[in-house]
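Numbering (the UniProt record's numbering), first residue to last: 1 to 281.
Following: one structure in structure tokens, then a few remarks.
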């Protein structure tokens with residue numbers, strides 16, 4: 001088959017099973033296998049593919065048709081204009097999380113913050129983006145050794161390994177144990193209410209449940225870290241938490257319960273509440 005025929009056949013299969021962007025996904029998979037950009041692929045669109053390429057491509061298409069995330073098939077996700085390796089051991093970074101990183105970079109610049117940490121780092125998307133774009137050193141924690149291995153690989157790929165200290169452990173525990181104090185803490189922890197997991201897109205079932213399930217109201221992890229915040233965050237320091245669009249009121253209530261009254265909500269690119277920013281007194 002030619003590249004054109006392969007793409008048409010693949011797009012049809014993906015469309016049949018309800019994949020949202022069948023043509024785009026087919027093109028990404030073929031580009032991944034051939035190493036060709038979209039523009040170069042179009043120039044060679046009527047070239048006949050080798051039998052091996054055809055088989056490899058259809059294998060990936062079959063996996064995508066079973067709703068395996070595109071990013072796990074290619075092993076790559078772009079975030080903050082950087083390429084991150086991803087695997088089923090980590091949550092796939094989302095574009096909305098870039099709002100958190102952009103706010104972190106603004107705070108670092110405006111308040112001359114030199115010490116920062118990212119809790120539940122996963123692929124390292126937040127921590128490594130901050131390190132790369134700010135030139136600062138960052139601590140990054142995760143309970144999963146598999147996730148930390150992915151994050152360390154990404155740090156090496158991006159050339160920021162010397163800027164990042166990885167700590168294995170649950171939430172803030174490794175920071176507290178090592179006596180780390182920071183001016184900025186970032187946290188994109190699981191915040192999807194348990195009952196909502198069953199009705200999400202099929203692709204989400206392929207991502208680690210531990211990176212998604214936030215308990216009954218989605219706030220279990222934040223409920224855990226807020227009482228410990230002063231052990232890690234310096235006076236006047238900032239906490240940035242990613243949340244669902246309807247969780248600001250719940251987070252505000254939790255903060256007030258722990259004597260924290262300086263907070264604000266930051267919206268994402270779609271105009272929805274996305275980041276909850278807290279400042280310690």
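Even glycine gets a Cβ: it sits at the ideal position worked out from N, Cα and C.
What you are looking at is a predicted structure, and each value in this text was computed from that prediction instead of being measured.
Of all the options the options, which has the alpha carbon lying nearest to the alpha carbon of residue i?
i	options	result
residue 19	36, 62, 159	62
residue 266	30, 112, 244	244
residue 68	206, 52, 174	206
residue 45	51, 31, 52	31
residue 105	217, 93, 127, 120	127
residue 249	124, 259, 276, 258	276
residue 120	16, 111, 187, 76	187
residue 79	135, 123, 16, 25	123
residue 204	50, 93, 41, 23	93
residue 25	6, 43, 48	6
residue 210	220, 234, 262	220
residue 180	39, 234, 41, 12	234
residue 174	34, 143, 103	143
residue 214	236, 208, 107, 191	191
residue 231	280, 261, 216, 253	280
Indicate the three-state DSSP secondary structure (helix, strand or coil) for residue i in the structure shown.
i	result
residue 246	coil
residue 85	strand
residue 121	coil
residue 77	strand
residue 241	strand
residue 95	helix
residue 90	coil
residue 219	coil
residue 146	helix
Going by DSSP, name the residue or residues bridged to residue i.
i	result
residue 115	137
residue 171	Beta-bridge pairing links residue 171 to no other residue.
residue 267	273
residue 166	140
residue 213	192
residue 206	Looking at the DSSP assignment, residue 206 forms no beta bridge with any residue, so it has no partner.
residue 48	2
Since residue i contacts residue j with CB under 8 Å, what's their CB separation in whole angstroms?
i	j	result
residue 238	residue 171	Not quite, the Cβ-Cβ distance comes to about 18 Å (not below 8 Å), so this is no contact.
residue 163	residue 145	About 21 Å; that fails the 8 Å criterion.
residue 101	residue 81	Contact flag wrong, Cβ pair sits at about 11 Å.
residue 148	residue 166	5 Å
residue 22	residue 14	4 Å
Can you list, in chain order, the residues of its chain whose CB lies under 6 Å from that of residue i, leaving out five sequence neighbours each side?
i	result
residue 118	126, 127, 140, 186
residue 225	171, 172
residue 116	138, 182, 184
residue 260	278
Leaving out five residues on either side along the sequence, give the residues of the same chain with a beta carbon under 8 Å from the beta carbon of residue i.
i	result
residue 29	10, 57, 60, 61, 64, 70, 73, 74
residue 86	71, 72, 75, 76, 77, 92, 93, 123, 150
Return the chain-ordered list of same chain residues with a C-beta closer than 7 Å to the C-beta of residue i, the five sequence neighbours on each side being excluded.
i	result
residue 54	1, 6
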